[in-house]
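Structure record follows, encoded as structure tokens.
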Ligand SMILES: C[S@@+](CC[C@H](N)C(=O)[O-])C[C@H]1O[C@@H](n2cnc3c(N)ncnc32)[C@H](O)[C@@H]1O
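Numbering (our numbering), first residue to last: 10 to 276.
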């Protein structure tokens, strides 16, 4: 498999500007994962699903001597990444198929693996990319049972939208913590798994709609246009107002659960 794929065949559509509207809130778990990385000095680092490259830049800053590579399937995200880190190395590829040219010492992957299926196969595959002593560091949202995600699935199945959204995957890709333990424990020497619920305090009108429009709602929105799109956004916004009603100061509280995994191979 070549290191670089034709971007037209990758087709990961992502709106970097919409995603980065909540950049502060989205940065915090990424940093929480970063502070738990092992103390070793990795020579080769992969930022898998690097998005706009802001975390790739932090990894490079922390280990200036390391060879840091960012891989993502969205040209919009990669354009931002190349602007963020002009001397960085970025590759456009479908993460379901891409394999690195060289073995790695650290795979850092923030808010990305929840988009990829078959974690029972995916995680061992990622471990196989590592050198002895190498580390896989993962952060993934676990929101599939939260109103934010349930409303997307329910609306997509409703008569008004099923015709156009019926095929969109529910993407319940993330397993429970015990399943990752069983999967990874026999393969690694050190394993740390934990979950955190962040309480995001959002401002403005319909902030949950705006939040989701930059991530989980995107596969639905991109299938519609015109009046149907406007109606869907309004229906989703109404459900979000009920599920996450504004507080007396006008803020909206969005509890957001995330899973962290650090898995290190034996030397
Ligand atoms: C939520 S963003 C996270 C970006 C970055 N890691 C961050 O935390 O800011 C998820 C990223 O995964 C990428 N992505 C999702 N599925 C992909 C796939 N199959 N192949 C390549 N990239 C993919 C998207 O393009 C997007 O940039």
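Here a beta-carbon is modelled for each residue, glycine too, at the ideal position from N, C-alpha and C.
Quiz item: How many Å lie between residue 194 and residue 135 at the Cα?
Solution: 14 Å
Quiz item: From what residue to what residue does the beta strand (DSSP E) around residue 233 run?
Solution: That residue, residue 233, is in no beta strand (DSSP E); it is neither H nor E in DSSP.
Quiz item: CB-CB under 8 Å to residue 286, same chain, minus the five flanking residues each way: which ones, in chain order?
Solution: Only positions 10 to 276 of the chain appear in this structure, which leaves residue 286 out of reach.
Quiz item: Whose C-beta lies closer than 7 Å to the C-beta of residue 109 among residues of the same chain, with five residues either side of it excluded?
Solution: 55 and 138
Exercise. Under 8 Å by Cβ, that's how I've got residue 58 and residue 94 pegged, so tell me the actual separation to the nearest angstrom.
Key: With a Cβ gap of about 15 Å, residue 58 and residue 94 do not count as contacting.
Quiz prompt | Check whether residue 177 and residue 212 have beta carbons under 9 Å apart | solution = no
Quiz item: If residue 104 and residue 125 are in contact, beta carbons under 8 Å, what's the gap, nearest whole angstrom?
Solution: 6 Å
Exercise. Just the C-alpha distance for residue 208 and residue 74, rounded to the nearest angstrom, thanks.
Key: 36 Å
Self-check item: Counted within 10 angstroms of its Cβ, other Cβ atoms place residue 188 as buried (16 or more) or exposed
Solution: exposed
Exercise. Provide the residue span of the beta strand (DSSP E) that contains residue 148, from first to last.
Key: 139-150
Self-check item: Sufficient close CB pairs (3 or more, under 8 Å) joining the region 259-275 to the region 215-224
Solution: yes
Quiz item: Do residue 97 and residue 91 have their C-beta atoms within less than 9 Å of each other?
Solution: yes
Quiz item: On the three-pair Cβ rule with 8 Å, is the region 114-123 touching the region 146-153?
Solution: yes
Quiz item: Cα-Cα, which of 141, 89, 33 and 29 is closest to residue 52?
Solution: 141
Quiz item: Can you tell me whether residue 44 is buried or exposed, with buried defined as 16 or more other CB within 10 angstroms of its CB?
Solution: exposed
Quiz item: Is residue 89 buried or exposed, if buried means 16 or more other CB atoms sit within 10 Å of its CB?
Solution: buried
Quiz item: Any heavy atom of ligand 1 closer than 8 Å to the Cβ of residue 108?
Solution: no
Quiz item: How would you label residue 17, buried or exposed, when you count the other beta carbons within 10 angstroms and need 16 or more for buried?
Solution: The pLDDT assigned to residue 17 is 49, lower than 50, so where the model puts this residue is not dependable, and the model offers no usable value.
Quiz prompt | Straight-line gap, residue 11 to residue 253 (C-alpha atoms, nearest Å) | solution = A caution first: residue 11 carries a pLDDT of 42, below 50, which makes its placement in the model unreliable, though a value can still be read off. Taking the straight line joining both Cα atoms gives about 46 Å.
Quiz item: What's the gap between the Cα of residue 32 and the Cα of residue 68?
Solution: 17 Å
Quiz item: Candidates 46, 113, 117 and 49: which alpha carbon is nearest residue 60's?
Solution: 117
Quiz item: Since residue 267 and residue 198 are thought to touch, with beta carbons under 8 Å apart, how far apart are those beta carbons, to the nearest angstrom?
Solution: That belief does not hold up - the Cβ atoms of residue 267 and residue 198 are roughly 25 Å apart, past 8 Å.
Quiz prompt | Expected contact under 8 Å - CB spacing of residue 115 and residue 46 to nearest Å | solution = 7 Å
Quiz item: Mind checking whether the beta-carbon of residue 121 lies closer than 8 Å to any heavy atom of ligand 1?
Solution: yes
Practice problem: May I ask you to list the residues that DSSP assigns as paired with residue 264? | Solution: 208
Quiz item: Could you give the residue range of the beta strand (DSSP E) that holds residue 53?
Solution: 53-57
Quiz item: If you draw a straight line from the C-alpha of residue 48 to the C-alpha of residue 245, how long is it?
Solution: 44 Å
Practice problem: Determine the contact status of residue 161 and residue 251, defining contact as a CB-CB distance below 9 Å. | Solution: no
Quiz item: So, using beta-carbon positions, are residue 102 and residue 264 closer together than 9 Å?
Solution: no
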